[in-house]
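Asker: Those protein sequence lines, which keep their order, are chains B and R.
Note that this note's numbering has the first sequence beginning at 812, numbered continuously upward.
Note that this note's numbering has the second sequence beginning at 812, numbered continuously upward.
The structure's right below; bear with me while I get my questions together.
Protein chains: 2
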Amino acid sequence: MQYPEPIAKLIDSYMKLPGIGAKSATRMAFYTIDMPADDVTDFAKALISAKRDLHYCSICGNITENDPCVICADKTRDQSKLIVVEQPKDVMSLEKMREYHGLYHVLHGVLSPIEGKGPEDLNITSLVKRLQDNEAIQEVILATNATPEGEATAMYISRLLKPAGLKTTRLAHGLAVGSDIEYADEMTLFKAIEGRTEI
Amino acid sequence: MQYPEPIAKLIDSYMKLPGIGAKSATRMAFYTIDMPADDVTDFAKALISAKRDLHYCSICGNITENDPCVICADKTRDQSKLIVVEQPKDVMSLEKMREYHGLYHVLHGVLSPIEGKGPEDLNITSLVKRLQDNEAIQEVILATNATPEGEATAMYISRLLKPAGLKTTRLAHGLAVGSDIEYADEMTLFKAIEGRTEI
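In structure tokens form, the structure reads like this:
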């Protein structure tokens, strides 16, 4: 015996989401049937709207409803600094800090030979062009993740930008605030000692 | 800075699913934006269809597109046995076994004083009525979960049915097939010894 078709299809759709296997998808599908009808309708509308109304900003590559995005359109922001991140959600994390008021550029991934992702698959060409066209930018802060792929991507971009004489910086590595030395891994400790500062 | 509204709404919708917090919902929402448009449309349609086209069978309470459900409508099934389960997905698990060909009754929950769930919140009245109206049923197999609430619910129903002189049975407790005694908990071992059979 099979599940009735409507629920089988819903399970299939849930299984396409990242980190969701057959068991979780089934649980979610049965849960959906018991949800208020309005919530389900809103959910369906939100799916359609997210896919239809969101685009990538033609300048920075961040997701946005309007092109250019609010950050690129805001001329009161510091036009001399640009942070390069992997994903749109990284922009959101940095904005939550409320301490940075410059620009962003979203790569949409990292260099990954294993996954066959080269520089041409990332938003790198548009970054180089943006820096050539926009002389106000004086510092590029590479904020890719502290993973091997993130490091390699930051290294690649910094070498690409060096001939232009731009100041290129990388986020500091070290102990997370509030973390215990006991639980820090060797590489993090090494980076924390290497990057120690005078107090 | 907030997320653009379409993605904020989608994150809210994902967060209504069981076991999904803010981080997972955000990851799923960004993933959705990168999914093929057809998949997203199918997902939205599946949500609407699951909520609109699925109903509970008026006889057994299982989810179904047509009323009565395929199991209740199938007169070739053994009309003398009835398994009582907590949820529609339990019916599916038992059907996968392909060894049982009788009927089902879905309670849609268990007795839970903590959650304020009493007998009137479950499909128990309809079970009693069904057993009164249908004299072909000779055995009621209580297949609620082996949790305290499941046990209490099975006990409650068996007491309710006793005056009618119906045969009421409970699924066996013991070691799962393929499991190690080493990892079994005390209660399971106790039940396994208590329910030992001659070989």
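Glycine is no exception: its CB is placed at the ideal position from the N, C-alpha and C atoms.
(1) Could you tell me whether the stretch 828-846 of chain R touches the stretch 885-892 of chain R, where touching means 3 or more Cβ pairs closer than 8 Å?
(2) Just checking, does the stretch 815-833 of chain R make contact with the stretch 997-1004 of chain B on the three C-beta pairs under 8 Å criterion?
(3) For B/A855 and R/A840, I'd like the C-alpha separation in whole angstroms.
(4) Under 8 Å: do the stretch 850-864 of chain R and the stretch 901-921 of chain R share three or more Cβ pairs, one atom per stretch?
(5) At 7 Å on the CB atoms, spell out the chain R contacts of B/G920, in chain order.
(6) Output yes or no for whether 7 Å exceeds the beta carbon distance between B/V896 and B/V917.
(7) Does chain B have any CB closer than 7 Å to the CB of R/D901?
(8) Which residues of the stretch 865-876 of chain B have a Cβ closer than 7 Å to any Cβ of chain R? Give them in chain order.
(9) For R/E816, return the contacting residues in chain B, with the cut-off set at a CB-CB distance below 8 Å.
(10) So, do the stretch 926-945 of chain B and the stretch 960-971 of chain B have three or more beta carbon pairs nearer to each other than 8 Å?
(11) Does DSSP classify R/V921 as helix, strand or coil?
(12) Give me whichever residues DSSP pairs with B/Y915 in a beta bridge.
(13) Starting from R/R789, find everything on chain B with Cβ-Cβ shorter than 7 Å and list it in chain order.
(14) I need the DSSP call for B/C837, collapsed to helix, strand or coil.
(15) Excluding sequence positions up to five away, which residues of its chain have a Cβ less than 7 Å from the Cβ of R/D878?
(16) For R/K834, would you say it is in contact with chain B, using Cβ-to-Cβ distances shorter than 7 Å as the test?
(17) Would a C-beta distance cut-off of 7 Å place B/R981 and B/L953 closer than the cut-off?
(18) Would you report the Cα separation of R/T964 and R/T955, rounded to the nearest angstrom?
Answerer: On the basis of the supplied data:
(1) no
(2) no
(3) 13 Å
(4) no
(5) Ordered by position in chain R, no residue passes the 7 Å Cβ test against B/G920, which lies about 10 Å from the chain.
(6) yes
(7) no
(8) L865, I874, T875 and E876
(9) E876
(10) yes
(11) coil
(12) B/I894
(13) Only positions 812 to 1010 of chain R appear in the structure, and residue 789 of chain R is not among them; the question remains open.
(14) Note that residue 837 of chain B corresponds to Thr in the displayed sequence, not to Cys. Residue state, collapsed to three classes: helix.
(15) H866, C868 and S869
(16) no
(17) yes
(18) 7 Å
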